[in-house]
Amino acid sequence: GCLVPPSQVRADCQANSRAAVIYPEKHPVVEPLDERALAAILTEPRSALIKQYQKLLRMDNVQLEFHPDAVKAIAQEAHRRKTGARALRSIVERLMLDIMYDLPSRKEATRCLITREMVENLSTAELLVHPSSLPKPESA
Numbered sequence: 002g003c004l005v006p007p008s009q010v011r012a013d014c015q016a017n018s019r020a021a022v023i024y025p026e027k028h029p030v031v032e033p034l035d036e037r038a039l040a041a042i043l044t045e046p047r048s049a050l051i052k053q054y055q056k057l058l059r060m061d062n063v064q065l066e067f068h069p070d071a072v073k074a075i076a077q078e079a080h081r082r083k084t085g086a087r088a089l090r091s092i093v094e095r096l097m098l099d100i101m102y103d104l105p106s107r108k109e110a111t112r113c114l115i116t117r118e119m120v121e122n123l124s125t126a127e128l129l130v131h132p133s134s135l136p137k138p139e140s141a
């Protein structure tokens, strides 16, 4: 194949079906996403990653909450990695890994809160138990 600027394309190369011609003026310039845009991607679309995890946990009657500072920290970490929105998924998956594994055996769990500290330490989230769902102590 041919991969040359248009000014250097020869007639025989143009006839080759595998020829590829670079037209720099037609390639859009893509700006890197800033932290605000990454946070919006994480929370705003109907199919946002956070909403997907909230829906998954809701099926087990667990309320998943991301503190606003946690969302900001996730966006900051993704921005630091310079891999755009792809980093969002890997960060959130790391936070949720143990929760998704433990949840089926933790029927007493009612809530999961993701904090900035969890994001900064790249630790996994924890399931919380509502006091009313704890077993009552037996009376003597």
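First residue of the sequence shown: 2, per the numbering used here; consecutive thereafter.
We put the beta carbon where it would ideally sit given N, CA and C, even for glycine.
Express the C-alpha separation of Pro-69 and His-80 in angstroms, rounding to a whole number.
Counting from one through the sequence shown, the residue named residue 80 turns up at place 79. Counting from one through the sequence shown, the residue named residue 69 turns up at place 68. The alpha-carbon atoms of His-80 and Pro-69 are separated by roughly 17 Å.
Exposed or buried, what is Tyr-54 when buried is set at 16 or more other beta-carbons lying within 10 Å of its beta-carbon?
Along the sequence shown, read from residue 1 onward, the residue named residue 54 stands at position 53. Result: buried.
State the Cα-Cα distance for the pair Ala-49 and Leu-129, rounded to the nearest angstrom.
For the purposes of this step, residue 49 is taken as residue 48 along the sequence shown, with counting starting at 1. For the purposes of this step, residue 129 is taken as residue 128 along the sequence shown, with counting starting at 1. Their Cα atoms are separated by approximately 23 Å.
Let's test the definition: count the other Cβ atoms within 10 Å of the Cβ of Glu-78 and tell me whether it reaches 16, buried, or not, exposed.
Locating residue 78 in the sequence shown gives position 77, counting from the first residue. Buried.
Is Met-1 buried or exposed, if buried means 16 or more other CB atoms sit within 10 Å of its CB?
Only positions 2 to 141 of the chain appear in this structure, which leaves residue 1 out of reach.
Give the DSSP-derived three-state secondary structure of Ala-126 in the structure shown.
Here residue 126 corresponds to residue number 125 of the sequence shown, with the count starting at 1. Residue state, collapsed to three classes: coil.
Round the Cβ separation of Arg-86 and Met-119 to the nearest angstrom and send it over; I've been treating them as touching at under 8 Å.
As a working note, residue 86 is residue 85 in the sequence shown. As a working note, residue 119 is residue 118 in the sequence shown. Going by the sequence as given, residue 86 is Ala instead of Arg. The pair is not a contact, with the Cβ atoms about 20 Å apart (cut-off 8 Å).
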